[in-house]
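Residue numbers (our numbering), protein chains in the order written: chain E, 1 to 320; chain D, 1001 to 1497.
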Amino acid sequence: MMKKPFLALSALVIAGAMTLPASMALAEFPEKPITMLIGFRPGGAVDTTGRLLAANLEKELGQPVIAVQKAGGGGKIMASTLINADPDGYTIGMGASAAYTLAPQLDPKISYRIDDFDHLATVTIPQDALVVRKDSPWNSLEDMVKDAKANGKTLSIASQVAVVNMLALAIEKKDGIKFKVVPVKGGARGIQQVLGGHVDLTWSGSGWHKQVAAGTMKPLVTISAKRMPGYPDLPTMLELGYGYTFVDTFMLSAPKGLPADVKAKLASAVKKALTPELSEQLLGKMKLATDYRNPEDTLKFLHAQYDLVTPMVADMKKMN
Amino acid sequence: MDQIIAGIGDALTLINILYVALGVFIGIFVGAIPGLNAPMAIAIAVPITFYMSPLAGIAFLIGINKGGTFGGSIAAILLNTPGSPEATSTAFDGYPLARQGKGLKALKMALYSSVFGDTFSDIVLFTVAAPLALVALKMGPPEMTAILIFSLTIIAGLAGKSMIRGLIAAALGGFLSTVGLDIETAEPRLTFGFVELDDGIPLLPMAIGLLALSEIIIQIENHVLAKERDTGSIDVFSRDVPRENKAVSGREFMGCFRTIIRSSFIGTGIGALPGIGAVVAGFLGYAAARRASKNPDEFGTGKLEGIAAAEAANSAVTGANLIPLLALGIPGSLSAAILIGAFLIHGVDPGPLIFKEYPRLVYGIFGAMVIANILNFVIGSFGLRFFALLVRFPKSVIHPIIVVLCIAGAFAIGNTVFSISIMVVFAVLGYFMRKLDFSFATFIIGFALGENFEISFRQTVILFAENPAELLTHWIALGFILLTLFSVWRILRRGTN
């Protein structure tokens, strides 16, 4: 019964696919619809990236790409499902890099590691920022640190993910100030705490854009690796000498052991599917920047991110 | 003003009305079926709205949400298996009424109070969303902790015959709410290595097992042990049923009016606060009505007022849930969180700017909400006749269908067999709780409030550990603590009399 909307959707999708030029030679991959597991809940940044990409992938592959939600644990549930799927290219997973690089270090009991997958591509990145209320006296990270030092203030920061705990640690280490890290469930709750004046600052992956546009909040710094397209004046933590960056990159993976031709075909289809129009749409609607990497570079990127957080995870575990 | 009229005009186009009607119908339908419910239907429907205009898409989803809140009461009343978790409190008086042959009357009362509560909270949303959202924003960790502590006193009104057992059940619920990643350290607690439990025990499969499936087990057992004849063929339309058992008279409705108003306020208040939810609102409305009543002992035996109290409160949450969403961009519930996605897909970011940037769309949505309320009433009234036919089928037909739907519903929540296991475990737990007379209402309250309570409490400790005296300046929190002490004192005094 609940499948009906899906059926209707698949019917639409199939109908759409059939009107395409018949580029599908029969014996060649893909011969049947592809399932795309999505590691986050409907309507979020990862989900939207996945679904819009799936629509374009269909055109490239000549087969329907059906999105199935496997939300939870920041992409962990999707990853641990994907690892058990057949490596035939018919099951792929849309997730986020933290599930591969950070989660297994925080919880070593997790059943998968980076190399248990054939990663196909990195696709988009959120444009994040450390934000404070508009009426805050600080206009930069420097102001904030100065104020805290001069007046012996312990600052409070709302944290929804380990990334924020590590960020607070990085500032504590360099500047010798102290944070009260206030845990919250999800980025929206962090913004709520800051807007309500209960907490001094928070880090936000995407919800902050509209608050800045509305003039209720201002950004101090980003933990992106590079300055963000929409905010050329906002410095990165790297530039300011904190040696900290973490970009939870949205990416497409498959279980390890895909046949070489299947992997090549999928990888090139993803690259083509990520059209300039799609990038523009993602940036405009969801404030997501495109950051494409091919399979080899994606694997390198994941290992680099893994190694980057290793010492920080160790520091964090000491604190607990 | 032009924008308001233009927006309402957009809402009144035929295609929009049709989408709203379809949404309301789907909502009532999935709400009525144990195991399926509105948040699930919304999650599945979001991708379909890719292909609609923003207004049509959002109106469609809001229709599902509104229909779902009423729909949940149908199975709760007729089968004692709440179609959705928030209808649990509706079953307390609804099912006894249905057994007395007054099922149709109970359903009508549920519909009237549901639509009333929903409309009330919509009006609050249309008129005072922005100021109310600012008040909600002032509720920081200490205030939330105090409000949640106060909410826990409703356990007393719902514990059933034994307060001790009620408290044990609530404590168990609270304990199970701690399963999942620790909010501070992100380390798994009590998950036994299942990543599926990292986000905690999912409420929906748990509720389906506890409420719907365990009730079926009990009914099947009664049938097998021949404790109960198959009374599945009460014909609520039959000429033998007196007219007064099929309708709610004006006097009866007015008799419940104070209760409905009280519950509407409670539901709206809960809805405006992000994160508490309709389940708790239903229980709070019910408990408040019982506390205010001259004959509290009549509650639970088939009192129309009990249905009115529960349904007005849980439905009033739906409109008010959009207050933090539209005014601040912060979702107040699971459904609202999924709705954000639907907005974003259409390039609309719900938040403080939405009234400035998309006034026409916002007023279009408000228009669609009014239409949805009217259609909820109309479709609900017709639907009642259709759904009330359900009880004419023998239980030997209905039960297997419900079991299959429960399993399908649990699976659809996460597309995983794991949810089905959760459902089965809680069905067994629910069976023993019913047998041993442990209240599952207090269990669910403990579970639903436990997680928020833990977070708010730990946030308060982190923020105020250095300077606890500062807490004394938080007068809202102090007020709720005093209110709690007063309630506990009253409960204890009543207990010793």
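From the three backbone atoms N, C-alpha and C, an ideal C-beta is built for every residue, glycine too.
Beta strand (DSSP E) runs wholly inside the segment 92-135 of chain E, at least 3 long, in chain order
117-126, 129-133
Under DSSP, the beta strand (DSSP E) around Asp291/E begins and ends at which residues?
288-293
By DSSP, does Ser80/E sit in helix, in strand, or in coil?
helix
Taking 9 Å as the CB-CB limit, is Ser136/E close to chain D?
no
Close-in-space but distant-in-sequence residues of the same chain around Pro183/E (CB under 7 Å, 5 per side omitted)
Ser159
So, is Gly1275/D buried or exposed, given that buried needs 16 or more other C-beta atoms within 10 angstroms?
buried
Identity of the residues DSSP links to Ile330/E by a beta bridge
Here chain E has residues from 1 to 320 only, and residue 330/E is not among them.
Let me know the secondary structure DSSP gives Ile1491/D once reduced to three states.
helix
Any idea what DSSP makes of Lys218/E, helix, strand or coil?
strand
If you measure from the beta carbon of Phe1050/D to each beta carbon in chain E, is any gap under 9 Å?
yes
Compare the C-beta of Pro113/E against all C-beta atoms of chain D and say whether one is closer than 9 Å.
Before going on, a small fix: residue 113/E reads as Arg here, not Pro. It does not; no Cβ of chain D falls within 9 Å.
Using Cβ-Cβ distances below 8 Å, what residues of the segment 207-218 of chain E are close to chain D?
Gly207, His209, Lys210, Gln211, Ala213, Ala214, Thr216
Output, in sequence order along the chain, the residues in the segment 74-87 of chain E whose CB is closer than 7 Å to any CB in chain D.
Lys76, Ile77, Ser80
In the DSSP assignment, the alpha helix (DSSP H) including Ala150/E goes from what residue to what residue?
141-151
Cβ neighbour criterion (16 or more within 10 Å) applied to Tyr1051/D:
exposed
Is the segment 56-72 of chain E touching the segment 268-279 of chain E, taking contact as three or more C-beta pairs under 8 Å?
yes
Three-way DSSP call (helix, strand, coil) for Ala1226/D in this model:
coil
Any idea if Thr1301/D is buried or exposed, counting beta-carbon neighbours within 10 angstroms, 16 or more meaning buried?
exposed
Are the C-beta atoms of Gly188/E and some chain D residue less than 9 Å apart?
Per the sequence shown, residue 188/E should be read as Ala rather than Gly. Judged by the 9 Å Cβ criterion, Ala188/E is in contact with chain D.
List the residues of chain E that Asn1415/D touches, going by C-beta distances under 8 Å, in chain order.
Val68, Gln69, Lys70
Counting only Cβ-Cβ distances shorter than 8 Å, please list the residues of the segment 35-60 of chain E near chain D, keeping chain order.
Arg41, Pro42, Gly43, Gly44, Asp47, Thr48, Arg51
Members of the segment 247-279 of chain E that neighbour chain D once the beta carbon cut-off is set at 7 Å
none
Which two residues bound the contiguous beta strand (DSSP E) that contains Ile157/E?
154-159
Are Ile1028/D and Ile1074/D touching if we call contact CB-CB under 9 Å?
yes
Taking C-beta pairs closer than 8 Å, name the residues in chain D that Ala162/E reaches, listed in chain order.
Ala1186
Just to make sure I have the definition right: I need the residues of chain D whose C-beta is within less than 8 Å of the C-beta of Leu106/E. Which are they?
Ala1186, Glu1187
Contact list for Ala1075/D against chain E, beta-carbon separation under 9 Å
Residues of chain E passing the Cβ test: none, with the nearest at roughly 14 Å.
Short CB-CB distance (under 9 Å) between Val309/E and chain D
no
Ends of the alpha helix (DSSP H) at Phe1257/D?
1257-1272
Any C-beta of chain E within less than 9 Å: which residues of the segment 1458-1474 of chain D qualify?
Arg1458, Gln1459, Ile1462, Leu1463, Ala1465, Glu1466
CA nearest to the CA of Asn165/E, picked from Val65/E, Leu130/E, Val181/E:
Val181/E
DSSP beta-bridge partners for Gly1180/D?
Arg1189/D
Leu1326/D to Gly196/E span [Cα, whole Å]
16 Å
For Val132/E, is the classification buried or exposed, using 16 other Cβ atoms within 10 angstroms of its Cβ as the cut-off for buried?
buried
The segment 1134-1148 of chain D: which residues have C-beta closer than 8 Å to a C-beta of chain E, in chain order?
Leu1137, Lys1138, Met1139, Gly1140, Pro1141
Out of Gly205/E, Met144/E, Gly241/E, state which residue places its alpha-carbon closest to the alpha-carbon of Ala289/E.
Gly205/E
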